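Counting along the sequence shown from 1, when you hit position 137 you're at 151 in the working numbering, and nothing is skipped either side.
Glycine included, every Cβ here is placed at the ideal spot set by N, Cα and C.
Computed from a predicted structure; not experimentally measured.
Inspection log for the structure reproduced underneath, given as structure tokens.
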Amino acid sequence: MSAPSSLTVHLPDEHATENLARQLAPLLDGRTAGVPAGGRIHLSGELGAGKTAFTRALLRECGIKGRIKSPSYALLESYKVFNLYFYHFDFYRFSDPREWLDAGFRDLLRDDAVVLIEWPEKAEGLLSPPDLQISLAYADQGRDATLTAYTARGQLWLNAIVPNPAPPSPAAP
Ligand SMILES: Nc1ncnc2c1ncn2[C@@H]1O[C@H](COP(=O)(O)OP(=O)(O)O)[C@@H](O)[C@H]1O
Ligand SMILES: [Mg+2]
């Protein structure tokens, strides 16, 4: 794959964050013809940027029922819908996740599972690039999301995103 390509979208409110997740969900869970289920998304951004909100909306859209907890304490929450596994990690509390990864969690980073990782930078050097990196940043009352594809699969997902229409530019003085 050539240089990673990226796209920045403004998410004015939580609904926009959820809408972005809803656009990606059918590409990850096998509902889209020609796109095999599975793939890995890394989510970066400060506390409260919306990493868990995004993940919750995505898991919900993929058919996960019941409470979707943030894995900030449990480190991992996993789900299964039919034959598809979903792994939601949060590395926030790790200063050295090496031991933990070596304990077998690395085996969960499979191509045929949907893997969502919050705070991947806490596992710097231990994770290969994801299919898609989503960086969330505070922007006015909302957030900016920068999506970067590192694999052909991620590029396919990125191509399917319909960015929010640009807000009207202010009238010239
Ligand atoms: N685009 C957005 N604009 C404004 N608020 C948002 C947006 N997306 C999510 N939020 C809100 O920001 C907070 C994000 O919290 P959370 O998802 O737990 O953050 P993180 O997992 O990144 O620490 C939630 O209160 C959510 O309602
Ligand atoms: Mg979180």
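Counted as a single uninterrupted DSSP element, the stretch harbouring Q169 is not any beta strand (DSSP E) but the alpha helix (DSSP H) occupying residues 166-174. Under the three-state reduction of DSSP, A51 is assigned to coil, being neither helix nor strand. If you compare the alpha carbons of L150, D145, A127, L42 with that of E75, the shortest gap goes to L42. For A35 against A151, the beta-carbon gap comes to about 17 Å, at or over 8 Å, which does not count as contact. Each of H24, R124, D125, K136 was checked against the Cα of D104, and the nearest Cα belongs to K136.
Ranked by Cα distance from R70, the options L161, Y164, I131, P184 are led by I131. For E132, the enclosing beta strand (DSSP E) stretches over residues 128-132. Remark: the C-beta of Q147 is outside contact range of ligand 1, defined as less than 7 Å to any heavy atom. The distance from the Cβ of A127 to that of G52 is about 5 Å, consistent with a contact at the 8 Å cut-off.
When the Cα atoms are used, E32 and A67 turn out to be separated by approximately 7 Å.
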